[in-house]
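FYI, the numbering for the sequence shown is 591 to 1069, going by the numbering used here.
Step one of this worksheet: look at the structure below.
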Amino acid sequence: MKPEHYPEAPAHIWEHFYHFTQIPRPSKEEAAVRQYVIDQAEAAGCSWKTDAVGNLVVYVPGSAGREDEGAVIIQNHLDMVTVKTEDKEHDFHRDPLDLQVVDGWLKADRTTLGADNGMGCAAALAVMTDDSVSHPPLELLFTVDEETGLGGAQELDAGMLSGTRMLNLDTEDWNELYIGCAGGHSHTFRRQYASAFTEGLAHFHLNLKGLSGGHSGIQIHEQLGNAIKLLVDFLQGVEGLQLARFHAGVAHNVIPREGDVWFACPSHLADSLQTRLDTLLGHWRGYLPAADEGLQTTLSAAEPEAVLSAADSNALLDVLAVFPHGAQSYNLAQPADLVDLSINLARCELQDGALYIESSLRFFNEDQSHPLRRQMAALARMADLELTDKGGYPGWQPDFDSPLLARGKALHERLFGEVPAVKAIHAGLECGILKSKKADVDILSFGPTIRGAHSPTERLQIDTVAPFWTLLTALLAEM
591 MKPEHYPEAP
601 AHIWEHFYHF
611 TQIPRPSKEE
621 AAVRQYVIDQ
631 AEAAGCSWKT
641 DAVGNLVVYV
651 PGSAGREDEG
661 AVIIQNHLDM
671 VTVKTEDKEH
681 DFHRDPLDLQ
691 VVDGWLKADR
701 TTLGADNGMG
711 CAAALAVMTD
721 DSVSHPPLEL
731 LFTVDEETGL
741 GGAQELDAGM
751 LSGTRMLNLD
761 TEDWNELYIG
771 CAGGHSHTFR
781 RQYASAFTEG
791 LAHFHLNLKG
801 LSGGHSGIQI
811 HEQLGNAIKL
821 LVDFLQGVEG
831 LQLARFHAGV
841 AHNVIPREGD
851 VWFACPSHLA
861 DSLQTRLDTL
871 LGHWRGYLPA
881 ADEGLQTTLS
891 AAEPEAVLSA
901 ADSNALLDVL
911 AVFPHGAQSY
921 NLAQPADLVD
931 LSINLARCEL
941 QDGALYIESS
951 LRFFNEDQSH
961 PLRRQMAALA
971 RMADLELTDK
981 GGYPGWQPDF
991 DSPLLARGKA
1001 LHERLFGEVP
1011 AVKAIHAGLE
1021 CGILKSKKAD
1031 VDILSFGPTI
1041 RGAHSPTERL
1051 QIDTVAPFWT
1061 LLTALLAEM
């Protein structure tokens, strides 16, 4: 059911977006939303194709008199990040999103909204279903599995595409045009530790929640709290500590916002643990950004269970303490918030002695990432961890001489009376991969304003959707 004050105009884009929010679409589970797109295409009399991994291309004939023009690709991804707060009951595999309109923003109740990239998908369908839009032949490309490593784009059958101009609608700041994106690389680390029941220890459970979390690319420079790092900060100061379980983080591209750890320590330290935690909370709140003001911790007694030895526990905590996280270097030629190289300590799992750590790094120049990758390998060797290189994807090098950029800038200034900012984004847009598969394609990316992507605070600024639609349709009319 649409919430009160749900936007009504532009009608086609908002209607399609609503349907996207009502169809569950986690990464690798896009079949239902892909079928929605196919149904819309067939109702509009458009043909379509899919490739072996489920990427979909819808072929939209050109408007009257424009049938023989060169095709334009409009590209988006079907899947969404699925993150919720601890107190929210929601099954992302079955439940529609519960939408809310708050102070000019569209959001979901304590879950991600999926405006990344559902709004772009909705815009592509709106172009197809709104007969008032003038456009050349279109190839609407809907990729799958973007949020877990750009898998759909990497396996795309580029032979389904003929266009040499592409509009990507997966960026999140209105009044900005994007002409470059970061590449990425990910690693996992594993080790099996011995665990056993130990007599004479007190057992505890520490829960940490309320951090903002967020996108590990475009928000990595904001110095948001990382739940793994904060938990380790507490644990390393507990004498004789032995770890039982550790659970924090949800995905490689999400800054960890909450976590749980189960541990044991000598009984005589029990009374001092809460004092230590209260002291650290004061320290953390003194330097974390305002976005993390919801930070909360709960320390409680727990049932006894098998734990690692004190030596193994300390060694594991040392690994997490020295593990790099955050922006590593900035672009000297661009605004100070454009990060050149970063890494996200994304997940840590310890269960029955089995350790799993996941990290992802991002870069514009892949050569710059090599020392950081060697640092990961060195850390794995020193800690006797099994390192798996999960591979990566290329970046999209900025082209300031792009004809599509020149047209977009001029049109934006003419329509809205201001020159848009031209930027590259420290995130893994699929543009880099698609450019590697179709070297002749000229790409421009833009979108409405989205905040808090990849977190339960994700929200879409409603009044940026209409001008976004205006620019998209005006650009298609002139291409």
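Glycine is no exception: its CB is placed at the ideal position from the N, C-alpha and C atoms.
Which of helix, strand or coil DSSP assigns to residue i
i       : result
Pro993  : helix
Phe853  : strand
Glu1068 : helix
Cys636  : coil
Ser617  : coil
Val627  : helix
Asn904  : helix
Lys678  : coil
Ser899  : coil
His1044 : coil
Gln864  : helix
Asp699  : coil
Glu976  : strand
Trp981  : The residue you asked about is not Trp; residue 981 is Gly in the sequence shown. Strand.
Leu859  : helix
Leu1001 : helix
Leu814  : coil
Leu798  : strand
Phe1006 : helix
Val723  : coil
Thr1063 : helix
Arg875  : helix
Asp685  : coil
Span of the alpha helix (DSSP H), counted from its first residue to its last, around residue i
i       : result
Phe953  : Note, Phe953: premise wrong, no alpha helix (DSSP H); beta strand (DSSP E) at Ala944 to Phe953.
Trp1116 : An answer regarding residue 1116 cannot be provided, because it is not within the stretch 591 to 1069 covered by the chain.
Ile1023 : Cys1021 to Lys1027
Ala1014 : That residue, Ala1014, is in no alpha helix (DSSP H); its beta strand (DSSP E) goes Ala1011 to Ile1015.
Arg963  : Glu956 to Met972
Tyr596  : Here Tyr596 belongs to no alpha helix (DSSP H), and DSSP marks it neither H nor E.
Asp658  : Neither: Asp658 is in no alpha helix (DSSP H) and is coded neither H nor E.
Leu821  : Ala817 to Leu825
Nearest-angstrom Cβ-Cβ length linking residue i and residue j, presumed shorter than 8 Å
i       : j       : result
Asn843  : Thr733  : Contact flag wrong, Cβ pair sits at about 15 Å.
Ser1045 : Ser802  : 6 Å
His793  : Glu893  : 6 Å
Asp565  : Pro616  : With the chain covering 591 to 1069 only, the question about residue 565 has no answer from this structure.
Ile769  : Pro988  : 5 Å
Val831  : Ala900  : According to the sequence as given, residue 831 is Leu; it is not Val. Confirmed, about 7 Å.
Thr611  : Leu689  : 6 Å
Gly704  : Phe953  : The pair is not a contact, with the Cβ atoms about 27 Å apart (cut-off 8 Å).
Ala838  : Ala860  : That belief does not hold up - the Cβ atoms of Ala838 and Ala860 are roughly 23 Å apart, past 8 Å.
Glu948  : Thr778  : 5 Å
Leu810  : His595  : Residue 810 is actually Ile in this sequence, not Leu. The pair is not a contact, with the Cβ atoms about 34 Å apart (cut-off 8 Å).
Lys999  : Pro1010 : 6 Å
Val1031 : Met750  : That pair is no contact at about 13 Å.
Leu975  : Arg835  : That belief does not hold up - the Cβ atoms of Leu975 and Arg835 are roughly 18 Å apart, past 8 Å.
Val822  : Leu907  : 6 Å
Ser1070 : His725  : Residue 1070 is absent from the model: the chain starts at 591 and stops at 1069.
Gly815  : Leu878  : 5 Å
Residue range of the beta strand (DSSP E) that includes residue i
i       : result
Leu767  : Glu766 to Cys771
Met718  : Taken as a continuous stretch (DSSP letters only), Met718 belongs to no beta strand (DSSP E), being part of the alpha helix (DSSP H) at Ala705 to Thr719.
Leu1050 : Arg1049 to Gln1051
Leu931  : Val929 to Gln941
Arg835  : Gln832 to Ala838
Asp1075 : With the chain covering only 591 through 1069, there is no way to say anything about residue 1075.
Thr888  : Gln886 to Ala891
Phe691  : The question names Phe, but residue 691 is Val in the sequence shown. Run containing Val691: Leu689 to Val692, per the beta strand (DSSP E) assignment.
Which residues DSSP lists as bridging residue i, in chain order
i      : result
Ile845 : Gly804
Trp986 : Cys771
Ser919 : Leu931
Val648 : Trp638 and Leu730
Gln665 : Leu731 and Asn758
Met670 : Pro616
Chain D contact for residue i (CB, 9 Å cutoff)
i      : result
Leu922 : The structure shown contains no chain D; it holds only a single protein chain.
Residue i: CB within 8 Å of a non-hydrogen atom of the ligand PLP
i      : result
His960 : Of ligands this structure carries none, so the ligand PLP is not represented either.
Start-end ranges of the alpha helix (DSSP H) lying completely within the region 733-795, minimum 4 residues: Secondary structure remark: continuous alpha helix (DSSP H) runs of at least 4 residues inside the region 733-795, in chain order: 741-744.
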